[in-house]
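Start counting at 1 in the sequence shown, then tack on 1, and there's your number in the numbering used here.
Structure record follows, encoded as C-alpha cells.
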Amino acid sequence: MPREKKVENYDVVVIGGGPAGLTAAIYAGRAKLKTILIEKALIGGLATYTNEIANYPGFPEAPKGEEITNLMKKQAEKMGVDFKLTAVKSVDLEGDIKTVETFRTTYKTKVVIIATGGRPRTTGAKNEEKFLFDKGISFCATCDAAANTGKHVVVIGSGDTAIEEGLFLTKFARKVTVSVIHDCGKMDCNEIAKEAALANPKMEFIWNTVVDSFEGEERLERVILRNLKTNELIPVECDTCFEFIGYIPNTELFADQLNLTKAGYIITNEKMETGIEGVFACGDVRDKWLKQVSTAVGDGAIAGFAAEKYIEETKTFKELIMQDKKPGIVYLYNAIDVASRDFLSTIEKIEKESSGKLAVARIDVYKSKGIADRLNVNTFPSVVIIKDGKIYQVITEDLSEEKILSCL
Ligand SMILES: Cc1cc2nc3c(=O)[nH]c(=O)nc-3n(C[C@H](O)[C@H](O)[C@H](O)COP(=O)(O)OP(=O)(O)OC[C@H]3O[C@@H](n4cnc5c(N)ncnc54)[C@H](O)[C@@H]3O)c2cc1C
C-alpha cells in the first residue's frame, strides 16, 4: 500500500540551500517565523564548488566556498531554521496557503522563497566531468581570473558573456584563445565587444570549432578542439578553460506559474516579489545583472525581510482591516508628513466617541506600504471606510471629522 504523505505547516519554505536561500532563511528565522529550507544536493549551493572565494567581503584570506556557506548554515540553525535534504518535486503557489511537495512530505506554507539558482551549460565533450570547477574548467571569470595571471586560458563561446569575459581575462592571462563555432569573423556578441576583441593582441580566435575532449592527468592540461568543416582535431595546451555557452536557471518547477524571461529566469521587483503574492525569488535564479555570492546574499536578505512584512501585513489586513464585526475606519498616513500626523488626533477622537462601536486602524504607509497597495490607495493621508468586511468608501480629499462620520 502506498505510504501516506506527511503534511507539515510552516510560515516560510525556502527552496534551495545556496547563499541566497541560506540568507533568506536566516532573516526569516530571526523574525521568529517557522521556517524550513529544502535543499536537494549540497547545502551551500554552487559556492561549495569553488576552492577560493576571494571577493566576498569580510574574508580576506579567500576561503573555500563551503567555509563561508557552512557558517551561513550554522547561523540559520541558530535562528531555529529547519533543514531538509530532498528535492522539491512540485509546487502550487496560488492562494494564501501554498503547497510545496517533496517525495515524502507536503509542506503547507504562507510564503515560498525560491532560491534554486542555476547551472552553467556545459559542452558535453569527453572527460568534461573530470575537470569541472576547480580542476581546470571554470564558468566564472570574476572568480578565477586572478588565479590565471600570466597563464594561457581557453574561452569557449562567442556571445556577449564569452567575449566580454574573454576581454576581462586578457588583463590577467598571457594569452586568451577563443573557440568560436561560427565562420571566421562571425560572433554572437555585440559589435563593440567584437571590435575590441578582434583588436586585442592577447586574444586569438579558432573559428568553426567545438570542444571534442578535455585532457590532462589530475588537472586540465589541454582542450582538443574539432573543426566542424574539416573534422581536424586541434590540441590547445592551456591552464584553464572558461566555458561561456549559457547558464540554465533551475526554474522548470515554476515555469507554468511564474513570469519568466525568455531565458527562463524569474522576474522580480526590487523587493524580490514575483507576480504571485507571498512568493519571492532571490539569487541566481532571478533575472539580474551580477550573479555572485555577495549579490545572492543581498537578494536573500531582502526576500527574508519581505516575507516577514508580507506575513505581518496579511495578518493585519485580514484581522484588523477587512474584519466584518463592526464598521471600520482605516487611516492611511505618512508619519513623516506633519499634516498627516496632526490628523491622528481627529481619528483618536472619532474612535473614543464611538465607545467601541467602530474598528479603527492606523497604518503608517512608510512602514506598511503593502497594506495601502492591498486597499488600492496611493494618496496619503486617506481614510478607507469598511462595512461588512468590504471597502465601502475611500476618502482622499478634504479629510474632516464630519466627512468621515457622514460616511459611516
Ligand atoms: C565554479 C564557480 C565558481 C564561483 N566562484 C565565485 C566566487 O569566487 N565569488 C562569488 O561571489 N561567486 C562565485 N560564483 C558564483 C556563486 O557561486 C553564485 O552566484 C551563488 O552560489 C548563487 O547563489 P544562489 O543561492 O542564488 O544559488 P546556488 O548557489 O546555485 O544554490 C541553489 C541551490 O538550490 C538547489 N536546488 C535547485 N533546485 C532544487 C529543488 N528542486 N529542490 C531543492 N533544492 C533545489 C541546488 O541544489 C542549489 O544547492 C561561482 C560560481 C561557480 C559555478
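Just so you know, even glycine gets a beta-carbon here, dropped at the ideal spot from N, CA and C.
Contacting residues, own chain, Cβ-Cβ under 7 angstroms from I405 (five flanking each side not counted): Mapped onto the sequence shown, residue 405 falls at position 404. For I405, where only same-chain residues beyond five positions count, the Cβ hits under 7 angstroms are I330, I351, V384 and I396.
Those runs of the beta strand (DSSP E) which lie wholly inside the region 33 to 71 and span at least 3 residues: 36 to 40
Residues bridged to V113 [DSSP beta-bridge criterion]: Here residue 113 refers to the residue found at position 112 when the sequence shown is read from its first residue. For V113, which the question treats as bridged, DSSP gives the partners V14 and V280.
Span separating the alpha-carbon of E244 from that of V82: Start at 1 with the first residue of the sequence shown, and residue 244 comes out as number 243. Start at 1 with the first residue of the sequence shown, and residue 82 comes out as number 81. Rounded to whole angstroms, E244 to V82 spans 36 angstroms at the Cα level.
Residue closest to K33, alpha-carbon to alpha-carbon, out of Y11, G45 and I44: Along the sequence shown, one-based indexing puts residue 33 at 32. Here the closest residue by C-alpha is Y11.
The region 105 to 115 contacting the region 272 to 291, beta-carbon criterion three pairs below 8 angstroms: yes
T178 beta carbon near ligand 1 (any heavy atom closer than 8 angstroms): One-based indexing of the sequence shown puts residue 178 at position 177. No - ligand 1 has no heavy atom lying nearer than 8 angstroms to the Cβ of T178.
Residues near P58 in its chain [Cβ-Cβ closer than 8 angstroms; skip 5 each side]: Within the sequence shown, the letter at position 57 stands for residue 58. Excluding positions up to five away in sequence, the list reads S295.
Proximity below 9 angstroms, CB of L254 to CB of T117: Taking the first residue of the sequence shown as 1, we reach residue 254 at position 253. Taking the first residue of the sequence shown as 1, we reach residue 117 at position 116. Contact flag set, yes.
Complete runs of the alpha helix (DSSP H) confined to the region 119 to 145 [at least 4 residues]: 129 to 132 and 142 to 145
Burial state of G357 (16 or more Cβ within 10 Å): Here residue 357 refers to the residue found at position 356 when the sequence shown is read from its first residue. Classification of G357: exposed, given that the 10 Å Cβ count is below 16.
Reference I372, options Y332, E67, S407 and D399, closest by Cα: For the purposes of this step, residue 372 is taken as residue 371 along the sequence shown, with counting starting at 1. Ranking Y332, E67, S407 and D399 by Cα distance to I372 puts Y332 first.
Beta carbon of L133 nearer than 9 angstroms to that of T70: As a working note, residue 133 is residue 132 in the sequence shown. As a working note, residue 70 is residue 69 in the sequence shown. No, the pair does not count as a contact, with Cβ atoms beyond the cut-off.
Coarse secondary structure for M73, derived from DSSP in three states: As a working mapping, residue 73 is identified with position 72 in the sequence shown. Here M73 sits in helix by DSSP.
R408, DSSP secondary structure in three states: Counting from 1 along the sequence shown, the entry for residue 408 is found at position 407. According to the sequence provided, residue 408 is Cys. The question's Arg does not apply to it. In the structure shown, C408 sits in a helix (DSSP, three-state: H, G or I).
Whole runs of the alpha helix (DSSP H) within the region 341 to 396, excluding any shorter than 4 residues: 345 to 354 and 370 to 375
Under the three-state DSSP convention, the category D189 falls into: Within the sequence shown, the letter at position 188 stands for residue 189. DSSP places D189 in coil when its eight states are reduced to three.
Between the CA atoms of D240 and R223 - distance to the nearest angstrom: Translated into positions along the sequence shown, residue 223 becomes position 222. Translated into positions along the sequence shown, residue 240 becomes position 239. Their backbone Cα atoms lie some 8 angstroms apart in a straight line.
Proximity winner among K127, A197, N191 and D135, relative to E216 (alpha-carbon distances): Taking the sequence shown and counting its residues from 1, one reaches residue 216 at position 215. When each option's Cα is compared against that of E216, the closest is K127.
Length of the line joining the Cα atoms of D189 and V378: Start at 1 with the first residue of the sequence shown, and residue 189 comes out as number 188. Start at 1 with the first residue of the sequence shown, and residue 378 comes out as number 377. C-alpha separation (whole angstroms): 47 angstroms.
Alpha carbon of T107 to alpha carbon of V14, nearest angstrom: Indexing the sequence shown from 1 puts residue 107 at position 106. Indexing the sequence shown from 1 puts residue 14 at position 13. Near 11 angstroms, if we compare the C-alpha coordinates of V14 and T107.
Cβ neighbour criterion (16 or more within 10 Å) applied to L359: As a working note, residue 359 is residue 358 in the sequence shown. The residue in question, L359, is buried, as its Cβ has 16 or more Cβ neighbours within 10 Å.
Spatial neighbours of Q324 in its chain, beta-carbon cut-off 7 angstroms, leaving aside the 5 residues before and after: The sequence position of residue 324 within the sequence shown is 323, counting from 1. So the list reads A360 and G390, once near-sequence residues are dropped.
Ligand 1 heavy atom lying under 8 angstroms from the CB of I98: Locating residue 98 in the sequence shown gives position 97, counting from the first residue. No, ligand 1 has no heavy atom inside 8 angstroms of this Cβ.
Delimiting residues of the beta strand (DSSP E) encompassing Y248: Numbered from 1 along the sequence shown, position 247 holds the residue referred to as residue 248. Looking at the DSSP string, the run of the beta strand (DSSP E) that includes Y248 is Y248 to P250.
Closer than 8 angstroms: E102 CB and nearest ligand 1 heavy atom: The residue labelled residue 102 in the question sits at position 101 within the sequence shown. Not under cutoff, so the answer is no.
8 angstroms Cβ shell around R175 - same chain, five flanking residues per side excluded: As a first step, residue 175 is located in the sequence shown; it is residue number 174 there, counting from the start. So the list reads G151, K152, H153 and K203, once near-sequence residues are dropped.
Any C-beta of chain D under 9 angstroms from that of A197: Absent from the structure is chain D; it holds one protein chain and no more.
Same chain only: Cβ atoms within 6 angstroms of R220, ignoring 5 sequence neighbours per side: Translated into positions along the sequence shown, residue 220 becomes position 219. Only K136 and G137 meet the Cβ criterion.
I267 versus G158 - alpha carbon distance: By 1-based counting over the sequence shown, the position of residue 267 is 266. By 1-based counting over the sequence shown, the position of residue 158 is 157. Using only the alpha carbons, I get a separation of about 24 angstroms.
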